[in-house]
Structure formats: structure tokens, C-alpha cells
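**Q** Below is a structure I'd like to ask you about.
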Amino acid sequence: MELHDVWFVLIAVLWIGYFFLEGFDFGVGILTKLLARDRPERRVLINTVGPVWDGNEVWLLSAGGATFAAFPEWYATLFSGFYLPLLLILVCLIVRGVAFEYRAKRPEENWQRNWEHAIFWTSLLPAFLWGVAFGNIVHGVKIDQDFEYVGTVGDLLNPYALLGGLVTLTLFTFHGAVFTALKTVGDIRRRARKLATKVGLLTAVLALVFLLWTQIDSGDGKSLVALVVAVAALVVALVANQAGREGWSFALSGLTIVAAVTMLFLTLFPNVMPSSLNADWNLTVTNASSSPYTLKIMTWCAAIATPVVMVYQAWTYWVFRKRIGTQHLAEPAH
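Just so you know, the working numbering puts the end of the sequence shown at 599, numbered straight through with nothing missing.
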């Protein structure tokens with residue numbers, strides 16, 4: 266296995282980790298409008314992800330940085346061709362972080378309500394746009410012989426990519442609802458389980474269509490195994506949720522994300538960004554990668570830094586592992 270193959274796998278792992286972790290806090294942000302009935306309940310939802318949301322975004326920074334260093338041609342084509350949607354995602358993530366930090370800084374109702382609106386929309390839009398982006402990466406886009414994207418923003422809004430956006434939106438919402446049920450007590454916990462069932466059923470239908478489309482289009486035996494695991498995990502997650510086994514349901518909804526993203530990367534390899542114009546113009550792990558010396562240095566750095574980050578983040582989740590409810594709010598809710 267060459268180093269560029271290793272770094273393709275590592276970047277896939279980083280994206281899997283990002284979607285697993287950021288997926289549920291996108292879902293929680295969406296649930297601030299779909300599930301919470303009043304401001305105290307919205308505070309509870311926000312507090313479930315308050316200690317961890319910024320740590321979850323480290324995985325995105327790592328994935329972007331690793332792509333820039335290991336596959337500069339991929340990074341250049343991706344970020345120039347997908348400039349507007351990626352800029353919108355970036356703006357959403359910035360506003361979302363500000364909203365989490367600033368919402369409670371003043372007691373006025375309008376102030377808090379406006380930041381809550383911001384949390385909802387800046388969770389919903391990235392949850393949808395990430396699916397659109399990866400749908401286009403897997404399906405192929407208009408790349409010319411100079412490895413430059415020559416399409417338009419409208420070309421990115423094709424049926425396959427839009428379906429991918431709906432899958433990530435519903436899957437992250439389901440993941441967030443299961444996480445909410447796992448992290449809360451009382452009535453909000455029961456309603457989260459009930460909502461998770463409804464969203465999960467819709468997710469199962471959309472995900473099955475999307476993954477089958479992917480398999481028929483560019484899949485093989487390995488991707489078929491990942492497809493089966495993803496669908497089976499989602500079905501069992503729904504069963505566990507109905508049975509009130511929130512821990513199992515959350516683990517299985519996470520496995521669904523892991524298997525689905527794994528399938529996308531399996532169908533992509535050895536390409537990193539296929540051209541829909543000519544297969545000879547595909548960006549691959551070979552023609553898009555950095556030099557072997559660069560990859561070797563990156564491998565040593567990753568071997569040292571990655572375990573530290575993972576241990577620290579695991580410790581954070583352990584510290585904030587207990588359930589919360591409106592009765593646990595530190596001060597009267599506004």
C-alpha cells in the first residue's frame with residue numbers, strides 16, 4: 266500500500282469521524298425548532314452539545330488540512346469548483362459558533378430568539394450541503410484536462426447530489442434525535458424517541474434509494490457490504506429506539522453514518538474526484554498527491570498528534586456523560 270493510498274484512507278477516516286460527531290450536533294441544532302416547545306427546552310438541547318460541538322469541528326479542520334497537504338490538486342479543484350457552497354458552509358459554521366457562545370450573553374427575548382433562529386438554520390444548511398457536496402464528488406463533476414472545474418453552481422444541483430443532501434439532512438436529524446433521547450430526561454426524552462422513529466423511517470427510505478443508486482452507478486463487492494451494513498444498522502437503530510435502548514440506538518445510528526460514508530469512499534477509490542467529461546481527466550490518488558517525502562513527514566506527525574486528540578476528546582465526552590433536563594438548568598430560564 267503506497268503512502269498516497271494510506272492518506273486517502275486517513276482522510277476518509279477523518280470525514281467519517283466528522284460526520285459521526287458533527288452529525289448529531291447538527292441534528293440537535295435542527296431539533297431546537299422541531300422538538301423543543303419552549304425556551305427552557307431549547308436551552309437543554311443546546312446544553313447537550315455545548316461542551317463538545319467545537320471539539321467535533323476539529324475533525325473538519327483536520328480533514329481539510331490533510332487534503333491540502335496530501336492531495337493539493339484535489340484540494341485546489343474542490344475548493345475552486347465548489348467555492349460558493351463551501352463558502353456558505355463556512356459562514357454557517359462561523360455564525361453557528363457565535364450563536365452558541367452569544368445566545369446567553371443577554372437576557373432579552375429578542376436577542377435569544379434571534380440566536381436560536383441562527384442555530385437552527387446554520388445547522389440545517391450544512392447538514393444538507395455536505396450531502397450535496399459529497400454526492401457530486403462521488404458522482405463526478407465537469408473537470409477538464411487541466412484538472413479545473415469548468416461547470417457552474419447549477420451543475421452541482423443535480424438529482425443525485427440533491428438526494429444525497431436530503432439523506433445527510435434526515436440522517437443527521439435522526440442521529441441528533443437519538444442523541445437527545447440519550448442525553449435528556451423526562452418528557453423531552455420521550456418526545457425525542459418518538460420523533461426519532463418518524464425521522465428514521467424517512468431516512469431509511471431515502472438512504473436506501475441513494476445507496477442503491479450509488480451501488481448501481483459505481484459500486485463493487487466491498488461497497489455492497491458497506492451498503493448492507495448501513496441499511497441493517499439503521500433498521501436495528503430504529504428497533505432499539507422503539508425499545509428505549511438509547512445507547513444502542515445511538516451507536517447504531519453512528520454505525521449507519523460510518524458505513525454509508527465508507528461506501529462512498531470505496532466507490533470513489535482510486536479516484537479522489539472523477540471527471541464527468543472524460544475518465545482520463547479524473548483526479549486520482551496518484552496524480553493529485555504530494556511527494557512521497559511530504560507524505561512521510563505527514564505520517565509521522567499524524568502518528569504523534571492523532572492519539573492525543575482522540576484521548577482528549579474521549580475524556581471530554583466522559584466528563585459530560587450524564588443526562589440533563591430543564592430541572593438541571595443552573596439559573597431560571599428566560
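Ideal Cβ positions, reconstructed from N, Cα and C, are used throughout, including at glycine.
Closest by CA to T289, which one among D409, D319 and I408?
**A** For the purposes of this step, residue 289 is taken as the residue at position 24 of the sequence shown. The amino acid at residue 289 is misidentified as Thr; the sequence shows Phe. That would be D319, whose Cα lies nearest to the Cα of F289.
**Q** Please list the terminal residues of the continuous beta strand (DSSP E) segment that includes V537.
**A** The sequence position of residue 537 within the sequence shown is 272, counting from 1. From DSSP, the beta strand (DSSP E) with V537 extends over N536 to M538.
**Q** Applying the 10 Å Cβ sphere with the 16-neighbour rule, what's the burial state of G579?
**A** Stepping through the sequence shown from its first residue, residue 579 is reached at position 314. One detail in the question is off: residue 579 reads as Ala in this sequence, not Gly. The residue in question, A579, is exposed, as its Cβ has fewer than 16 Cβ neighbours within 10 Å.
**Q** Rank N375, I354 and R368 by C-alpha distance to the C-alpha of V397 and give the top, closest one.
**A** Here residue 397 corresponds to residue number 132 of the sequence shown, with the count starting at 1. V397 has its Cα closest to that of I354, out of N375, I354 and R368.
**Q** Cα-Cα, which of D545, A369 and D270 is closest to R308?
**A** As a working mapping, residue 308 is identified with position 43 in the sequence shown. The residue with the shortest Cα to Cα distance from R308 is A369.
**Q** With a cut-off of 8 Å, does the C-beta of L300 fall near any C-beta of chain C?
**A** This model lacks chain C altogether; it includes just one protein chain.
**Q** Ignore the nearest five residues each way along the sequence and tell me which others in T313's own chain have a CB closer than 8 Å to its CB.
**A** Taking the sequence shown and counting its residues from 1, one reaches residue 313 at position 48. Within the same chain, T313 has close Cβ partners V293, F444, T445, K448, T449 and I589.
**Q** Opposite V406 in the DSSP bridges: which residues?
**A** As a first step, residue 406 is located in the sequence shown; it is residue number 141 there, counting from the start. Beta-bridge pairing links V406 to S540.
**Q** Assign T551 to one of three DSSP states: helix, strand, or coil.
**A** Sequence index remark: in the sequence shown, residue 551 carries index 286 (1-based). If DSSP states are grouped into helix, strand and coil, T551 belongs with coil.
**Q** Closer than 7 Å by C-beta to A553: which residues in its own chain qualify, once you throw out the five before and the five after it? Chain order, please.
**A** Reading the sequence shown from its first residue, position 288 is the one you call residue 553. Result list for A553: F336, E338, W339 and V537, in chain order.
**Q** How about the segment 356-372 and the segment 388-395: do they share at least three Cβ pairs that are nearer than 8 Å?
**A** Contact between the segment 356-372 and the segment 388-395 is present, because at least three Cβ pairs lie under 8 Å.
**Q** Buried or exposed for T417, going by 16 or more other Cβ atoms inside 10 Å?
**A** Taking the first residue of the sequence shown as 1, we reach residue 417 at position 152. Per the 10 Å Cβ criterion, exposed.
**Q** What residues match up with Y414 in a beta bridge as DSSP calls it?
**A** As a working mapping, residue 414 is identified with position 149 in the sequence shown. Note: Y414 sits in a beta bridge opposite I408.
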